[in-house]
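I have placed the structure first, in the form of structure tokens, so that the comments after it can refer back to it.
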Amino acid sequence: HKTNPHLADTDKDGLSDAEEIQLLNTNPNLLDSDGDRLSDPDEIKLGTKPKNPDSDSDGIDDGKEDLDQDTLSNHDELYTHKTNPNLADTDRDGLNDGAELNIFKSNPLVNDSDGDGTIDGNEDPDFDGLNNAAELNIHFTDPLRADTDRDGLKDGEEIDKYNTNPNLPDTDRDGLSDGEELKLHKTNPLVQDTDKDGLTDWNEIYSHKTDPLTSMQPGQKLAEFNLGTRIKTAPAIGADGTIYEADQSGVIRAIDSKKRVVKWGFSAKGSIESTPSISQDGTIYFGSMDKRIYAINGKQGIKKWEYVTGDCVKSSPAIGMDGTVYAGSWDGHLYALDGKTGMKLWAFKTDGKITSSPAINNDGIIYFGSGDKKVYALDTRTGAKRWEFVTGGDIDCSPAIGKDGTVYIGSWDDNLYALDGKTGVRKWAHLTDGDIDSSPAIGPDGTVYFGSWDHNVYAVKGTNGALVWKFSTGNPVFSSPAVGDDGTVYIGSWDNSFYALNGRNGNVQWTFESRAAIESSPVIGNNGFVHFGSNDGKLYSLKSSSSAPADSSWPMFGQNAHHTNRSKVAKADSHMAIRQNSTGGIVIDYNIPGGNQWMIQSSTDLSHWKPYRAVTGSGSTTIPVTPTAKPGFFRLISGN
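Each residue of the sequence shown is one higher than the one before, starting from 1 at the first, in the numbering used here.
Listed below in structure tokens is the structure:
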């Protein structure tokens, strides 16, 4: 053993040589048998292994470990500071040993380092109303800085008085610091929109210069953007709230609705009377009087492609589920273009100019009108004609699609028609006293709203065309209505007025006067505001009484704020789950409410859907998968 026979404890570590050799199997000649900078007896006291430098095999030597997690190593606690490495707060004053040494410069062995009668944990050196222990252990604030987040409020005030976050300068993340809200603006630092008018406090103060404490009233102007020339198109709203609007100078602009600045502008080679459409990836599609259909990047305004038709393009593009872009031209063709490349997939020839914007149903049929007085239904995949319906006049109006697939469209023969979407058979017609350019919108109860050259706005029953009400403006109505989730109908007129009408009775709720005729169709955002253009060259944003568009099949021009002109698919995500079974088959679990019958549909391209199986109640259906099976999609929709 090479120990000193004259000493019971050769290495003088407090353990006899006999204990080390016979009981512990440690080296009686070394104070630290495993070289981890902890003596053998101290390791025994700590509970670590004196023969293993890394007792817990975590890659850190026992001497460097921090068993009590006070930010001090075991070695430093034992041999430098004389604190207890197994007790984070050796003197039990509410402060861990590391904090006492490194933050407060107090004595971790004495609970009242300055002898003033207050233990160190109860001291408040930054005079913020919170003691050291509370700041360090509960609120995680800086105990030596009265205002940890530098928002102008003391940490104690934030916690005890205002209930704000002392570590976050802007608790409600509205762009205003908590101190700025409380002391300068008197707004609520816990709520982004103090007056609950749909605008954050920051936007009201710095963007719109409105009072964040007083709610805007419906019809009140939020903003106007002077684009300079006549605006006939409807604005489109992107997923991030960007508003896209075009004018007759041939420029389409992206407008930051919050900062009220133009992000970019793109110039076509002719005026733009085609409302922009926005795809899922943010691409903007529109036509121009320069005979082109354009695709531009929605973020930078850079052209992706252009397709040249044989004449002017006033038709607003429709976007299929698979990204195909459909638009008509005055050359009489409806074009189907690849949304990514602009390559022509097919073209369908009519005998008149196409101004009407096409509408796509979720069964793969696309509808539009033509200057040859006909309404057409085509297969979206092939362009093959399904049916045509002859009216008594040219058709500039764009169709709307009802929940049951009924197609509503107006004609210059003064009639609004309801057509069976599958067969083209007329269900009814409602006669007005003027041409109908205004494209219909549909309310949640199926009421159909539209305007006419006879100066009136109409509401008719979707089931039979019976008049519900009509409202007389002072001039022809080209603008297409938009229906809000509270039932309000918004529409412009050539009498320079923008109207908000009660959807049930047609009573005027409020009006807004522009400086010229309003042909542009309004769009309702999801923030309580309605946007439209005017022939005075301005894009207006007004406070509305609606928080969003109506939950209907076609609440506004283009169906939605992106103007995809595509029928809404009934969502049933919460009633359907798809999983794979042990044999590789696909299992669809369903839970249909109320004893109703819903339909599982299948598709290979997300455009053409076929009935797969009608289901009711709760259950499962298995779809076998074979080596020759083609990729497919399934969805569950209400009805058949």
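Even for Gly, the Cβ is constructed at its ideal location relative to N, Cα and C.
The alpha-carbon of Gln248 is positioned some 13 Å away from that of Pro276. In this structure, His563 sits away from Thr380, with a CB-CB distance that is not shorter than 9 Å. Short of 7 Å from the beta carbon of Pro169, and not among the five residues preceding or following it, lie these beta carbons of its own chain, in chain order: Asp149, Arg150, Asp151, Ser177, Asp178.
As the crow flies, the alpha-carbon of Ile409 is around 20 Å from that of Lys349. The residues Asp11, in chain order, have a CB closer than 7 Å to that of Leu30 in the same chain once the five nearest residues on each side in sequence are set aside. For the 9 Å CB-CB criterion, Ala359 and Leu345 do not form a contact.
About 13 Å separates the Cβ atoms of Leu46 and Leu72, ruling out a contact at the 8 Å cut-off. Looking from the CA of Tyr449, the closest CA among Leu95, Ala482, Asp435, Thr229 belongs to Ala482. The beta carbon of Asp331 sits closer than 7 Å to the beta carbons of Thr309, Gly310, Asp311 from its chain, once the five residues preceding and following it are set aside; these are given in chain order.
Here Thr141 carries a coil assignment [DSSP, helix/strand/coil].
Counting only runs of at least 3 residues, the stretch 503-531 fully encloses the following beta strand (DSSP E) elements, listed from N- to C-terminal order: 508-513. As the crow flies, the alpha-carbon of Ala377 is around 41 Å from that of Lys258. In this structure, DSSP gives Pro549 an extended state, which the three-state scheme calls strand. For Ala133, the three-state secondary structure derived from DSSP is helix. A distance below 9 Å separates the beta carbons of Tyr285 and Gly339.
Taking the C-beta atoms as reference points, Gly298 is found no nearer than 9 Å to Thr355. Non-local C-beta neighbours of Gly465 in its own chain, meaning closer than 7 Å and more than five positions away in sequence, comprise Ala418, Trp428, Ala429, His430, ordered along the chain. With distances taken between CA atoms, Leu539 lies nearest to Asp256 out of Asp256, Thr141, Gln280, Met556.
Between Ser602 and Tyr612, the CB-CB gap stays under 9 Å.
Taking a cut-off of 8 Å for Cβ pairs, the stretch 488-505 and the stretch 541-551 touch, as three or more such pairs fall below it.
In this structure Ile293 does not touch Lys303 by the C-beta definition: roughly 12 Å separates them, more than the 8 Å allowed. Across the structure, Ile442 and Trp554 are spaced so that their CA atoms are roughly 5 Å apart. Residue nearest to Asn167 within the set Asp142, Glu181, His185 is Asp142 (criterion: CA-CA distance). The beta carbon of Asp93 sits closer than 6 Å to the beta carbons of Asn111, Ile119, Asp120, Gly121 from its chain, once the five residues preceding and following it are set aside; these are given in chain order. Ala550 places its beta carbon 9 Å or farther from that of Asp536. Residue state for Pro593 is assigned as helix, using DSSP reduced to three classes.
Gly405 has no beta-bridge partner at all, per DSSP. Here Thr621 is bridged, per DSSP, to Ile588.
In the structure shown, the three-state DSSP call for Ile60 is coil. In the three-state DSSP reduction, Ala561 falls in the coil class, being neither helix nor strand.
Annotation: the continuous beta strand (DSSP E) that includes Leu337 extends over 333-337. Asp379 carries a strand assignment under DSSP once its states are collapsed to helix, strand and coil. Annotated three-state conformation of Trp330 is coil, per DSSP. The three-state secondary structure of Ile252, taken from DSSP, is strand. Judged by DSSP secondary structure, Leu46 falls within the alpha helix (DSSP H) whose first and last residues are 40-46. Boundaries of the beta strand (DSSP E) harbouring Val448: 448-451, taken from the DSSP string.
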